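These notes concern the structure reproduced below.
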Amino acid sequence: MRRSSRAALAALIASLLPWGEVVISDTAAAQAPDARRILREAGDACRSVRSIEYAEEQEPVGEGGEHRHTVRAAVRQARAAVAAAGFLPGKFAVEGAILHADREPASFAFSYDGKTLRVLDASEKTIKVLRSPAPYTAGQLLGPVGMTGLRQFTEEQPFLNILERADRVEHEGTKTVHGVACHVVAVTSTVEHPALGKQTIVSRWYIGADDKLPRGAELGGVRKTLRITAVNRALPETAFVLQPRKGYGERLVTGAEPKRKGLLPVGAEAPDWKLTDPEGRAHTLSDYRGRLVLLDFWGTWCVPCLKTMPGIQSLHEKFKDRGLVVLGVTLGGDEAGDPVAFMKAHGFTYRILLKGDDISALYNVAVLPALYLVGDDGRVVHAEYGLREGAKEDLTRIIEGYLRRRGR
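Heads up: the sequence shown is residues 398 to 805, going by our numbering.
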């Protein structure tokens, strides 16, 4: 990104400081307009967008929201006939910060020019470069920040899928979002969760009353609000290329590398713990001293966890007679569903241990699934988090090599 473009993007983020309260005020609606028509008009307005620039604020809503982080970002999007690379269609550049109540803000940035995805890694002072990224691989590389932005601005048919899948679309009055009067449209849909079955979800959309462009949404416990700063401004190609900062370099990646940041390092002593199995029997890590242990931190609500589990079952079957112990550590408490019934329904036969939330902190588990291999001496052999292609094959090689060195 050119210096002037970077400066403009940084100024957008800075303009949101100090991190003040989002300005949203209610206005009573005299007569409820046609909510479906409003979303169709919003789709038409978005299709007229060739490029758009805006400041985005994300904040948690609902029960327990005060314990989660907030996000501030400056976003650029451009409609373009290019291969998809994650959440946002077309070309994009995003730069922002994640704010936590108990520590310093964490900056992030990423861009896609239609050919190459670039992702800032501040901890390593590098820009990760992924060429011709598939959406899945890009999503794995970006993680949670990859959901920043509003895809409807550059979708081919914005809001069409939302309207087609909706059970109910209702007008809930108007709100003023960052000085712009907006219709509030609530969309109720039924989705099939892989573990919890049919779920009813409600999303809310803030649609500008005059220009019909979205100014935000409430989705999955997060409220996004937008302050649009430019529409259809001519942007150079360099506006969608993230350039290294001073002292930074670039590193080519494939996107399939295991993610380990924040987890216990290889060679560290794995903390001991005590958990119970579904039959009420107590287990400790020290009970398995002398054996190789695979710990899988997971939850029934976690879709990436569920996609990882068939591979873990395969490792259990392949190595159980050579000394590997697989332990699935459940997180989420009683409200997260029945992990025992889930395991049985899917034919998973390795042991599970219940209510592992407390010990997850000992292992620095922040993203699920999280996997640890603990050697027969009680030290970490391997650790990674998230869903990724090739994980089962990599773990097979690591386990095979470890057991062979131990003569098993």
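From the three backbone atoms N, C-alpha and C, an ideal C-beta is built for every residue, glycine too.
Values in this document were obtained by computation on a predicted structure and should not be read as measured data.
Counting C-beta neighbours from all protein chains within 10 Å, is the total for L449 16 or more, i.e. buried, or is it exposed? One-based indexing of the sequence shown puts residue 449 at position 52. For the sequence presented, residue 449 should be read as Ile rather than Leu. Flag for I449 reads buried.
For V566 and V542, believed in contact at Cβ under 8 Å, the rounded distance: Position 145 of the sequence shown holds residue 542. Position 169 of the sequence shown holds residue 566. That belief does not hold up - the Cβ atoms of V542 and V566 are roughly 30 Å apart, past 8 Å.
Here's the rule I'm using: 16 or more other beta-carbon atoms within 10 Å means buried, otherwise exposed. How should I598 be labelled? The residue you call residue 598 lines up with position 201 of the sequence shown. I598 should be labelled exposed.
So, at 8 Å on beta carbons, what are the nonlocal neighbours of G462 in its own chain, with the 5 sequence-adjacent residues on each side left out? Indexing the sequence shown from 1 puts residue 462 at position 65. Residue placement at G462 is poorly supported in this model, since its pLDDT is 43, which falls under 50; the coordinates are not used for a value here.
F505 by DSSP, collapsed to three states: which one? In the sequence shown, counting from the first residue as 1, residue 505 sits at position 108. If DSSP states are grouped into helix, strand and coil, F505 belongs with the strands.
Three or more C-beta pairs under 8 Å: does that hold for the region 465 to 474 against the region 486 to 498? yes
Skipping 5 residues on each side, what residues in its chain have a beta carbon closer than 8 Å to that of G708? As a working note, residue 708 is residue 311 in the sequence shown. Hits under 8 Å: A788, K789, L792.
Min CB distance L623 to chain B below 8 Å: The structure shown contains no chain B; it is built from a single protein chain.
For R612, count the other beta carbons within 10 Å of its own beta carbon; 16 or more makes it buried, fewer makes it exposed. Which is it? Here residue 612 refers to the residue found at position 215 of the sequence shown. Its Cβ being crowded by 16 or more others within 10 Å, R612 is buried.
For the 8 Å Cβ check, are there 3 or more pairs between the region 664 to 673 and the region 770 to 783? yes
For G734, does the three-state DSSP call read helix, strand or coil? The residue given as residue 734 occupies position 337 in the sequence shown. If DSSP states are grouped into helix, strand and coil, G734 belongs with coil.
Rank R630, K595, A482 by C-alpha distance to the C-alpha of P532 and give the top, closest one. Taking the sequence shown and counting its residues from 1, the one referred to as residue 532 is at position 135. Looking at the Cα atoms, A482 is the closest of the given residues.
Coil, strand or helix - P707 by DSSP: On the sequence shown, position 310 is the one that residue 707 refers to. DSSP places P707 in helix when its eight states are reduced to three.
Member of L436, V737, L703, I796 whose CA lies at the smallest distance from the CA of L765: Here the question's residue 765 lines up with position 368 in the sequence shown. It is L703.
Where do the N-terminal and C-terminal ends of the beta strand (DSSP E) with S600 fall, by residue? As a working mapping, residue 600 is identified with position 203 in the sequence shown. That run of the beta strand (DSSP E) goes 594 to 605.
For the beta strand (DSSP E) holding R515, just list the boundary residues, first then last. Counting from 1 along the sequence shown, the entry for residue 515 is found at position 118. R515 -> beta strand (DSSP E) spans 513 to 518.
Classify T681 as buried or exposed, calling it buried when 16 or more other Cβ atoms lie within 10 Å of its own Cβ. Translated into positions along the sequence shown, residue 681 becomes position 284. So T681 counts as exposed.
What are the start and end residues of the alpha helix (DSSP H) that includes R444? On the sequence shown, residue 444 is found 47 positions in, with the first residue counted as 1. R444 -> alpha helix (DSSP H) spans 432 to 444.
Taking the straight line between their C-alpha atoms, what separation do you get for R444 and A738? Translated into the one-based positions of the sequence shown, residue 444 becomes position 47. Translated into the one-based positions of the sequence shown, residue 738 becomes position 341. Each residue's Cα considered, the two are about 46 Å apart.
Close Cβ partners of E552 (< 8 Å) along its chain, the five nearest in sequence each way excluded: Here the question's residue 552 lines up with position 155 in the sequence shown. Result list for E552: C443, P486, in chain order.
Please classify Y799: does DSSP put it in a helix, a strand, or coil? Taking the sequence shown and counting its residues from 1, one reaches residue 799 at position 402. Helix, per DSSP.
Could you check whether the Cβ of V764 sits closer than 7 Å to any heavy atom belonging to the ligand SAH? This structure simply doesn't include the ligand SAH, nor any ligand for that matter.
Residues in its own chain within less than 6 Å of R719 by CB, not counting five upstream and five downstream? Counting from one through the sequence shown, the residue named residue 719 turns up at place 322. Once the five neighbours on either side are set aside, the close Cβ partners of R719 are L800, R805.
Assign S529 to one of two classes, buried (16 or more other C-beta atoms within 10 Å of its C-beta) or exposed (fewer than that). Taking the first residue of the sequence shown as position 1, residue 529 is located at position 132. With fewer than 16 Cβ atoms within 10 Å of its Cβ, S529 is classed as exposed.
Element boundaries [beta strand (DSSP E), containing Y760]: For the purposes of this step, residue 760 is taken as the residue at position 363 of the sequence shown. Note, Y760: premise wrong, no beta strand (DSSP E); not H, not E.
Select from R433, A490, A439 the residue whose C-alpha is nearest the C-alpha of A452. For the purposes of this step, residue 452 is identified with residue 55 of the sequence shown, where counting begins at 1. Nearest C-alpha to A452: A490.
For S528, list the residues DSSP reports as bridge partners. Taking the first residue of the sequence shown as 1, we reach residue 528 at position 131. The residue you asked about is not Ser; residue 528 is Arg in the sequence shown. For R528, which the question treats as bridged, DSSP gives the partners T513.
Tell me the DSSP bridge mates of L816? A query on residue 816 cannot be resolved here, the shown segment of the chain reaching from 398 to 805 and no further.
Among F556, D441, L768, which residue has its Cα nearest to the Cα of I796? For the purposes of this step, residue 796 is taken as residue 399 along the sequence shown, with counting starting at 1. The candidate whose alpha carbon is nearest that of I796 is L768.
Would the region 645 to 658 and the region 500 to 511 be scored as touching if the rule is three or more Cβ pairs under 8 Å? no
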